[in-house]
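Some notes on the structure that comes next.
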Amino acid sequence: MELTVRRKAFLEELPGVVEEAVKTYGIWLRRIEIEEDEKGCYTVLIIYESEIHR
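If you're matching positions, the sequence shown starts at 1 in our numbering and goes up one per residue.
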């Protein structure tokens, strides 16, 4: 089962958010989607596989 975590970040914070996601979810990480809003803020969607439903 895939789960999604949503984080808000400014451009300069994106590398740290992505690095944290990779460290936290490791091999369970499926993809990261980054969307910019009209104010220049970014929403980072971190999609990972639940360990429970392997």
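Think of the CB as a built atom: it goes at the ideal place given N, C-alpha and C, for glycine as much as any other residue.
Residue(s) in a DSSP beta bridge with residue i
i, result
"T4", "I47"
"R30", "DSSP, once it has assigned bridges, lists no residue as partnering R30."
Burial state of residue i, where buried means 16 or more other Cβ atoms lie within 10 Å
i, result
"I27", "exposed"
"V22", "exposed"
"V44", "buried"
Endpoints, the alpha helix (DSSP H) within which residue i is located
i, result
"G16", "L14 to Y25"
Whole-angstrom C-beta distance between residue j and residue i, which should lie under 8 Å
i, j, result
"E2", "R30", "6 Å"
Through-space distance from residue j to residue i, alpha-carbon basis
i, j, result
"R54", "I32", "Legend: pLDDT at R54 = 48, less than 50; position of this residue unreliable, value from coordinates given subsequently. One C-alpha to the other measures close to 20 Å."
"T24", "E13", "17 Å"
"T4", "Y48", "6 Å"
"A9", "E35", "10 Å"
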